[in-house]
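Visitor: First the structure, then my questions, so here it is.
Residue numbers (my numbering): -4 to 182.
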């Protein structure tokens, strides 16, 4: 199934009047073809545009996740000092654990972690990552697997408060090449 123009919602871009509108709506308002709208936006703003795509169903996602070589990743970009970060920027991995391990039992926790780390490193040919072993870089995440979750603090298109606030619960430590990058305050 392909995306429809109405499935693509503009999320973060310099022109705030377009935020929260679909490509289809913007095209209709401008009396333009949606393809021309997209090209105009890219020409005007470059890669500083983010969108949210609603064209896939939960069944589509589950089918893709169940494929034996399916790995977990996010194309969400982190915009420093901006509140319009895409939900995937922070939410992909917690959602995967919640949805496919805890709720649907599609994978064991171990298999989910392998798809998030070892299998990903193997496919990307990152020979020094993906498992904890002598001579490898140790990127570690210490979580409470029964509790890790993404909590949405605000709705997507609220305009009177910061647009998107994410609270990640159940993550206790993030270490990149064994350098501590984050530690929860909870002991």
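Where a beta carbon is used, it is the ideal one built from N, C-alpha and C, also for glycine.
(1) Please state whether DSSP places residue 100 in a helix, a strand or coil.
(2) Using only the alpha-carbon positions, how far apart do residue 56 and residue 135 sit?
(3) Starting from residue 17, follow its DSSP beta bridges and name the residues at the other end.
(4) Ordered along the chain, which non-local residues of its own chain (more than five positions away) have a Cβ less than 7 angstroms from that of residue 123?
(5) Near residue 171, what residues of its chain come up, given a Cβ to Cβ distance below 7 angstroms and the 5 sequence neighbours on each side ignored?
(6) Answer yes or no: do residue 121 and residue 168 have a C-beta to C-beta separation smaller than 8 angstroms?
(7) So within the stretch 89 to 142, which uninterrupted alpha helix (DSSP H) runs reach at least 4 residues, ignoring any that extend past its ends?
(8) Could you check where the alpha helix (DSSP H) with residue 37 kicks off and where it finishes?
Guide: Looking at the atomic coordinates:
(1) Locating residue 100 in the chain shown gives position 105, counting from the first residue. Residue state, collapsed to three classes: coil.
(2) As a working mapping, residue 56 is identified with position 61 in the chain shown. As a working mapping, residue 135 is identified with position 140 in the chain shown. Looking at the two C-alpha atoms, the distance is approximately 26 angstroms.
(3) Taking the chain shown and counting its residues from 1, the one referred to as residue 17 is at position 22. According to DSSP, which records beta bridges pairwise, residue 17 is partnered with 4.
(4) For the purposes of this step, residue 123 is taken as the residue at position 128 of the chain shown. So the qualifying residues of the chain are 131 and 132.
(5) Here residue 171 refers to the residue found at position 176 when the chain shown is read from its first residue. Around residue 171: 134.
(6) Numbered from 1 along the chain shown, position 126 holds the residue referred to as residue 121. Numbered from 1 along the chain shown, position 173 holds the residue referred to as residue 168. Contact: no.
(7) 104 to 111 and 113 to 118
(8) Residue 37 sits at position 42 when you count from the first residue of the chain shown. Counting along the chain, the alpha helix (DSSP H) containing residue 37 begins and ends at 29 to 40.
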